[in-house]
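**Student:** This is the structure I want to talk about, given as structure tokens.
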Amino acid sequence: MKFALAIHGGAGTLRPEDFPKAQADEARAHLQAALAAGGAVLVGDGSAMDAVEAAVHVLEDSPHFNAGHGAVFTHDATIEMDAAIMDGKTRAAGAIAGVKHIRNPISLARAVMEKSAHVFLVGKGAEAFALANGFSAVDATYFHTERRMRELRAVQALEAANGASFGVLEASDLKIPDKKFGTVGAVACDRAGNLAAATSTGGLTNKRWGRIGDAPIIGAGTYADNGTCAVSATGHGEYFIRACVASDIAARMRYGQHTLLQAASDVVNGSLVEFGGKGGIIAVDGHGNITLPFNTNGMYRGHWREGESAHVAIYRDD
251 MKFALAIHGG
261 AGTLRPEDFP
271 KAQADEARAH
281 LQAALAAGGA
291 VLVGDGSAMD
301 AVEAAVHVLE
311 DSPHFNAGHG
321 AVFTHDATIE
331 MDAAIMDGKT
341 RAAGAIAGVK
351 HIRNPISLAR
361 AVMEKSAHVF
371 LVGKGAEAFA
381 LANGFSAVDA
391 TYFHTERRMR
401 ELRAVQALEA
411 ANGASFGVLE
421 ASDLKIPDKK
431 FGTVGAVACD
441 RAGNLAAATS
451 TGGLTNKRWG
461 RIGDAPIIGA
471 GTYADNGTCA
481 VSATGHGEYF
491 IRACVASDIA
501 ARMRYGQHTL
511 LQAASDVVNG
521 SLVEFGGKGG
531 IIAVDGHGNI
541 TLPFNTNGMY
551 RGHWREGESA
561 HVAIYRDD
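One gets our numbering by counting positions in the sequence shown from 1 and adding 250 to each.
In structure tokens, the structure reads:
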């Protein structure tokens, strides 16, 4: 077996004219660093689980992506983060939502999988579990960036001007630069043929009422099964939940004998669009095949297969 790794940092309206070159170059460098971190694990015969966690750590620590340090603000100017991870070999999974003080939420999701009898913990309970299992809390200001605060103010100003409420006018509907659905993720196939998927997000700018999207929901935004594929999604979470995007791709492979490419394309560009959903996914199967379909202008993404050169991209034509 040869290893395979793919990552994403969000899909949406991503056009060269919207970004200073220096900003785009730095985002690409961080995508390369994430591939390098996950790839180093796989080169050393490490597990797919360790690889996706390592890759997502880099993306969570970057201010360019909506997870961890770069997470977007809620309506109340707080940060609430969600994450999930799944082991394709055992189909064990862990997920957390609404955490505010854990630097790398993906590692907390893995701890839930490995150190508890549960799959999904939220809010204060998830943070109490984290502290009881050796995690350190960081001050909420660690996650604050001026760029994300400007986005929140822009969203709320337009919301007020249009008399709209959340669910009608969201960050994804606004004509502002970097209009994207924020989430980061990684999928991997290691040399033993085992698969893993990991997804982490700050959710939607201006979200309120404890809103949770698809990223931490197993089968919607995150899924891994050695018999089919590993998937991490990015997009308007409400639609990805309703379409069960990640598990639907796997089901088409298992029961319809579809290839990874066919199954992923039919969901992202077919059934998801019929719902009105926008976004994309990254996926890998047990043979090391990779696909990264999206139905938006662009998606921060990268992939690396053993024996090939690593590649990162932002825009559709990259």
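Glycine included, C-beta positions come from ideal geometry on N, C-alpha and C.
As a quick exercise: from Val-405, Phe-393, Ile-352, pick the residue whose alpha carbon is nearest that of Ala-380.
**Tutor:** The count along the sequence shown starts at 1 and reaches residue 380 at position 130. Ala-380 has its Cα closest to that of Ile-352, out of Val-405, Phe-393, Ile-352.
**Student:** Looking only at DSSP bridge pairs, what is Cys-439 linked to?
**Tutor:** As a working mapping, residue 439 is identified with position 189 in the sequence shown. Partner(s): Ala-254, Leu-445.
**Student:** Which of helix, strand or coil does DSSP assign to Thr-478?
**Tutor:** The residue labelled residue 478 in the question sits at position 228 within the sequence shown. Coil.
**Student:** Is it the case that the Cβ atoms of Val-481 and Ile-499 are separated by a distance below 7 Å?
**Tutor:** What you label residue 481 is simply residue 231 of the sequence shown in a count that begins at 1. What you label residue 499 is simply residue 249 of the sequence shown in a count that begins at 1. It is a contact, given that the beta carbons lie within the stated cut-off.
**Student:** Put Val-434 into one of helix, strand or coil per three-state DSSP.
**Tutor:** For the purposes of this step, residue 434 is identified with residue 184 of the sequence shown, where counting begins at 1. Here Val-434 sits in strand by DSSP.
**Student:** Give the DSSP-derived three-state secondary structure of Gly-552 in the structure shown.
**Tutor:** As a position in the sequence shown, residue 552 is number 302, starting the count at 1. Strand.
**Student:** Grab the span of the beta strand (DSSP E) containing Asp-535 for me, first residue to last.
**Tutor:** Looking up residue 535 in the sequence shown gives position 285. Segment 529-535, the beta strand (DSSP E) holding Asp-535.
**Student:** Run through DSSP, which three-state label would Ala-563 get?
**Tutor:** In the sequence shown, the residue the question calls residue 563 occupies position 313. If DSSP states are grouped into helix, strand and coil, Ala-563 belongs with the strands.
**Student:** Which of the three DSSP states is assigned to Val-349 in this structure?
**Tutor:** As a first step, residue 349 must be located in the sequence shown, where it is residue number 99. Residue state, collapsed to three classes: strand.
**Student:** Which class does Ser-450 belong to by DSSP, given the choice of helix, strand or coil?
**Tutor:** Residue 450 sits at position 200 when you count from the first residue of the sequence shown. In the structure shown, Ser-450 sits in a strand (DSSP, three-state: E or B).
**Student:** Pick out whichever of Ala-376, Arg-397, Thr-395, Glu-396 has its Cα sitting closest to the Cα of Ala-387.
**Tutor:** Reading the sequence shown from its first residue, position 137 is the one you call residue 387. Nearest of Ala-376, Arg-397, Thr-395, Glu-396 to Ala-387, Cα basis: Ala-376.
**Student:** What residues match up with Leu-542 in a beta bridge as DSSP calls it?
**Tutor:** The sequence position of residue 542 within the sequence shown is 292, counting from 1. Its beta-bridge partners do not exist; DSSP assigns none.
**Student:** As an exercise, report each continuous alpha helix (DSSP H) stretch of at least 4 residues that is fully enclosed by the region 265-316, in chain order.
**Tutor:** 271-293, 298-310
**Student:** Nearest CA to the CA of Ala-347: which residue from Ile-335, Glu-330, Ser-357, Gly-338?
**Tutor:** Against the sequence shown, residue 347 aligns to sequence position 97. With distances taken between Cα atoms, Ala-347 lies closest to Glu-330.
**Student:** Going along the chain, which residues of its own chain have a beta-carbon closer than 6 Å to the beta-carbon of Glu-310, five neighbours each way excluded?
**Tutor:** Counted from its first residue, the sequence shown places residue 310 at position 60. Within its own chain, the residues whose Cβ lies closer than 6 Å to the Cβ of Glu-310, once the five positions on either side in sequence are excluded, are Ala-317, Gly-318, Asn-354, Ser-450, listed in chain order.
**Student:** Once you ignore the five residues that flank Gly-538 on each side, which residues in its own chain have a CB closer than 8 Å to its CB?
**Tutor:** Counting from 1 along the sequence shown, the entry for residue 538 is found at position 288. Counting only Cβ-Cβ distances below 8 Å, and skipping sequence neighbours, we find Met-251, Lys-252, Phe-253, Ala-254, Cys-439, Arg-555, Glu-556.
**Student:** Looking at the strands, I want to know which residues DSSP matches up with Tyr-473.
**Tutor:** As a first step, residue 473 is located in the sequence shown; it is residue number 223 there, counting from the start. DSSP lists Val-481 as partners of Tyr-473.
**Student:** Alpha carbon to alpha carbon, how far is Gly-485 from Ala-474? Give it in angstroms, no decimals.
**Tutor:** The sequence position of residue 474 within the sequence shown is 224, counting from 1. The sequence position of residue 485 within the sequence shown is 235, counting from 1. Roughly 18 Å between the two C-alpha positions.
**Student:** Taking the beta strand (DSSP E) that Ala-411 belongs to, which residues open and close that run?
**Tutor:** To locate residue 411, count along the sequence shown from 1; it is residue 161. Where Ala-411 is concerned, there is no enclosing beta strand (DSSP E), although the alpha helix (DSSP H) it sits in stretches over 396-412.
**Student:** Closest by CA to Ser-312, which one among Ala-274, His-508, Cys-479, Leu-522?
**Tutor:** Here residue 312 refers to the residue found at position 62 of the sequence shown. Cα-wise, what sits closest to Ser-312 is Ala-274.
**Student:** Let's test the definition: count the other Cβ atoms within 10 Å of the Cβ of Thr-340 and tell me whether it reaches 16, buried, or not, exposed.
**Tutor:** If you number the sequence shown from 1, residue 340 lands on position 90. Exposed, since its Cβ has fewer than 16 Cβ neighbours within 10 Å.
**Student:** Alpha carbon to alpha carbon, what distance is there between Asp-389 and Val-293?
**Tutor:** Taking the sequence shown and counting its residues from 1, one reaches residue 293 at position 43. Taking the sequence shown and counting its residues from 1, one reaches residue 389 at position 139. So the alpha carbons of these two residues sit roughly 35 Å apart.
**Student:** Between which two residues does the beta strand (DSSP E) containing Ile-335 stretch?
**Tutor:** Walking along the sequence shown from the start, residue 335 turns up at place 85. Per DSSP, the unbroken beta strand (DSSP E) holding Ile-335 starts and ends at 331-337.
**Student:** Looking at the ligand MG, does it come within less than 6 Å of His-553, judged from the CB to the closest heavy atom?
**Tutor:** Absent from the structure shown: the ligand MG. Ligands present: none.
**Student:** Which residue from Thr-472, Val-523, Val-349 puts its Cα closest to that of Ala-321?
**Tutor:** Here residue 321 is taken as the residue at index 71 of the sequence shown, counted from 1. Checking every option, the nearest Cα to that of Ala-321 belongs to Val-349.
**Student:** Just verifying my parser: in three-state terms, what is the DSSP assignment at Val-372?
**Tutor:** Working through the sequence shown from its first residue, we reach residue 372 at position 122. In the three-state DSSP reduction, Val-372 falls in the strand class (E or B).
**Student:** Give me the residue from Gly-435, Met-399, Asn-444, Trp-459 with the minimum Cα distance to Ile-532.
**Tutor:** The residue you call residue 532 lines up with position 282 of the sequence shown. Here the closest residue by C-alpha is Gly-435.
**Student:** To which residues of the same chain is Ser-497 closer than 6 Å at the C-beta, ignoring the five residues directly before and after it?
**Tutor:** In the sequence shown, residue 497 corresponds to position 247, counting from 1. Excluding sequence neighbours, Ser-497 sits near Gly-469, Tyr-473.
**Student:** When we look at the beta-carbon of Asp-428 and count the other beta-carbons within 10 Å, is it buried (16 or more) or exposed?
**Tutor:** The residue you call residue 428 lines up with position 178 of the sequence shown. Because the pLDDT of Asp-428 is 45, which lies under 50, any placement of that residue in the model is unreliable, and the number read from its coordinates should be weighed accordingly. Looking at its Cβ environment, which holds 16 or more other Cβ atoms inside 10 Å, Asp-428 is buried.
**Student:** With C-beta atoms as the reference, is Thr-541 less than 7 Å away from Leu-511?
**Tutor:** Stepping through the sequence shown from its first residue, residue 541 is reached at position 291. Stepping through the sequence shown from its first residue, residue 511 is reached at position 261. In this structure, Leu-511 lies closer than 7 Å to Thr-541 by Cβ.
**Student:** Ile-467 by DSSP, collapsed to three states: which one?
**Tutor:** Locating residue 467 in the sequence shown gives position 217, counting from the first residue. Reduced to three states, the DSSP call for Ile-467 is coil.
**Student:** Could you check whether Gly-487 and Asp-464 sit closer than 7 Å to each other, using their CB atoms as the reference points?
**Tutor:** Taking the sequence shown and counting its residues from 1, the one referred to as residue 464 is at position 214. Taking the sequence shown and counting its residues from 1, the one referred to as residue 487 is at position 237. Yes, these two residues count as a Cβ contact at 7 Å.
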